[in-house]
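K.L.:
Residues in the sequence shown are numbered consecutively from 0, following numbering that gives the first Met the number 0.
Each residue gets a CB set at the ideal place from its N, CA and C atoms; glycine is no exception.
Since the structure is predicted, the reported quantities are computational estimates derived from the model, not experimental observations.
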Amino acid sequence: MKYIILLLSIAAATILISCSEDVQGPNKDTHSIIFDVTPDTVNILAGEATVLKAFINDTVLSVISDKPLYDKTVIWQIIMGGGTLSTVSGDSVVYQSITNLPQQKITAIIKAFPRIDVRHQRYVVINIQQDAPTIDTGICFRRDILPIFNSNCAISGCHNKGTSKEGYILDSYQNIMRKGIKPGNPNSSKIYKMITNQSNEEDDRMPPPPKKRLTSEQISLIARWIAEGAMDKDCSDTPIGGCDTTTVTYSKTIVPVLELNCLGCHTSVQPQGNVTLEGYSNVKKYIDNGKFLGAIQHKKGYVPMPDNNMRLSDCNLRQLEIWVQNGAPNN
0 MKYIILLLSI AAATILISCS EDVQGPNKDT HSIIFDVTPD TVNILAGEAT
50 VLKAFINDTV LSVISDKPLY DKTVIWQIIM GGGTLSTVSG DSVVYQSITN
100 LPQQKITAII KAFPRIDVRH QRYVVINIQQ DAPTIDTGIC FRRDILPIFN
150 SNCAISGCHN KGTSKEGYIL DSYQNIMRKG IKPGNPNSSK IYKMITNQSN
200 EEDDRMPPPP KKRLTSEQIS LIARWIAEGA MDKDCSDTPI GGCDTTTVTY
250 SKTIVPVLEL NCLGCHTSVQ PQGNVTLEGY SNVKKYIDNG KFLGAIQHKK
300 GYVPMPDNNM RLSDCNLRQL EIWVQNGAPN N
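#1: In angstroms with no decimal places, state the Cα-to-Cα distance between Gln-173 and Ile-180.
#2: Considering Ile-180, what are the terminal residues of the alpha helix (DSSP H) in which it resides?
#3: Taking the alpha helix (DSSP H) that Gln-217 belongs to, which residues open and close that run?
#4: Could you check the C-alpha separation between Asp-231 and Lys-290 for me, to the nearest Å?
#5: So, is Val-302 buried or exposed, given that buried needs 16 or more other C-beta atoms within 10 angstroms?
#6: Just how far apart, CA to CA, sit Pro-328 and Leu-145?
#7: Once the 5 residues before and after Tyr-249 are set aside, which same chain residues still bring their CB inside 6 Å of it?
#8: Pull up the distance between the alpha-carbon of Trp-322 and that of Val-247, whole angstroms please.
#9: Applying the 10 Å Cβ sphere with the 16-neighbour rule, what's the burial state of Gln-324?
#10: What does the Cβ neighbour count give for Asn-288, buried or exposed, with the cut at 16 atoms within 10 Å?
#11: Where does Thr-266 sit, in a helix, a strand or coil, going by DSSP?
#12: DSSP three-state label for Pro-146, please.
#13: Excluding five sequence neighbours on each side, which residues of the same chain lie with their C-beta closer than 6 Å to the C-beta of Ile-154?
#14: From Lys-178 to Tyr-167, what does the alpha carbon distance come to, in whole angstroms?
#15: The alpha helix (DSSP H) spanning Ala-294 covers which residue range?
#16: Tell me the rounded alpha-carbon separation between Glu-165 and Ile-225.
#17: How close, in whole Å, do the beta carbons of Leu-276 and Leu-292 come, if the pair is a contact with beta carbons under 8 Å?
#18: Beta-carbon separation of Ala-222 and Pro-182 under 8 Å?
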């Protein structure tokens, strides 16, 4: 009987290794790792041969000595409660406290080895999403990222609450993070893939044609935000370089504000509300009739802009007011 268990254990180890390869799939950033769990540590068994050898050796010892191993409940408690976690990074092994690993990063799958008593289920497979090292460059979601989504994506007919095309609502941090973003990994994030897709097919890229693509600066901001962990950080709405209210010009100050907050909805292609803010002459028309300032200042009697209950930052609002006070020059 002991030898039958041993043979079944060897077969199970082979199956487990195969499962580990299958789970990884095409996403090279996800590793299925087999761990050897003890009461004090969670140790990685690196390499297929090592895994198989260690599994067989431990099974032989447990069968010969009839010494029970740890059951599923104990293993789960160890994983969730403490010990160390080894993650694969190239050929090296990185250790970190398991209690510091964000819950969404780890999915524990306790594999049941065929026909082996639960006491012998000591080995655990854990899928871990590997993240690239991050550098905080000061990107703020509410100041730098949300306006891009709000102006280009969370609009009627696309990804606002009323339409939610393909199940995506992109009007807030909580909604954006529900699907399509993998913190730390832009290239595995569906939203990033869509905004960088070079296809001209409507279903292949976002924003869809005939709307313009995001600018390279906007795409870079989103990529860096995701790479830094896609966090909703508390921060000032003042730009990283400070708020320049001294040298306010149309080309250097106003156009970037419009591109970030307005042109997703108000380009010459399918402009929302038939309001076009692309080009100086179009902007000047709404400056002269007072509708532009009334909308961005959220004055009574005007449709508040930007949409989705958002407001321009205090800095951007002040810059626009100064530019208008100076006669809204085309400089």
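P.N.:
Short version:
#1: Working through the sequence shown from its first residue, we reach residue 173 at position 174. Working through the sequence shown from its first residue, we reach residue 180 at position 181. Going by the C-alpha atoms only, they are around 11 Å apart.
#2: Numbered from its first residue, the sequence shown carries residue 180 at position 181. Neither: Ile-180 is in no alpha helix (DSSP H) and is coded neither H nor E.
#3: In the sequence shown, residue 217 corresponds to position 218, counting from 1. Counting along the chain, the alpha helix (DSSP H) containing Gln-217 begins and ends at 215-226.
#4: Here residue 231 refers to the residue found at position 232 of the sequence shown. Here residue 290 refers to the residue found at position 291 of the sequence shown. Using only the alpha carbons, I get a separation of about 32 Å.
#5: Translated into the one-based positions of the sequence shown, residue 302 becomes position 303. It is exposed - the Cβ of Val-302 has fewer than 16 other Cβ atoms within 10 Å.
#6: Taking the first residue of the sequence shown as position 1, residue 328 is located at position 329. Taking the first residue of the sequence shown as position 1, residue 145 is located at position 146. Looking at the two C-alpha atoms, the distance is approximately 29 Å.
#7: As a first step, residue 249 is located in the sequence shown; it is residue number 250 there, counting from the start. Only Asn-329 and Asn-330 meet the Cβ criterion.
#8: Reading the sequence shown from its first residue, position 323 is the one you call residue 322. Reading the sequence shown from its first residue, position 248 is the one you call residue 247. Their backbone Cα atoms lie some 6 Å apart in a straight line.
#9: Here residue 324 refers to the residue found at position 325 when the sequence shown is read from its first residue. Answer is exposed; the Cβ neighbour count stays below 16.
#10: Against the sequence shown, residue 288 aligns to sequence position 289. Result: exposed.
#11: Counting from one through the sequence shown, the residue named residue 266 turns up at place 267. Of the three classes helix, strand and coil, the one that applies to Thr-266 here is coil, per DSSP.
#12: Here the question's residue 146 lines up with position 147 in the sequence shown. In the structure shown, Pro-146 sits in a helix (DSSP, three-state: H, G or I).
#13: Position 155 of the sequence shown, counting from 1, holds the residue named residue 154. Excluding sequence neighbours, Ile-154 sits near Cys-264.
#14: Residue mapping note: residue 178 aligns to position 179 of the sequence shown, counting from 1. Residue mapping note: residue 167 aligns to position 168 of the sequence shown, counting from 1. If I take the Cα positions, the gap works out to 7 Å.
#15: For the purposes of this step, residue 294 is taken as the residue at position 295 of the sequence shown. Looking at the DSSP string, the run of the alpha helix (DSSP H) that includes Ala-294 is 290-295.
#16: For the purposes of this step, residue 165 is taken as the residue at position 166 of the sequence shown. For the purposes of this step, residue 225 is taken as the residue at position 226 of the sequence shown. One C-alpha to the other measures close to 21 Å.
#17: Looking up residue 276 in the sequence shown gives position 277. Looking up residue 292 in the sequence shown gives position 293. Contact flag wrong, Cβ pair sits at about 13 Å.
#18: Along the sequence shown, read from residue 1 onward, the residue named residue 222 stands at position 223. Along the sequence shown, read from residue 1 onward, the residue named residue 182 stands at position 183. Their beta carbons are not under 8 Å apart, which means Ala-222 does not touch Pro-182 by this criterion.
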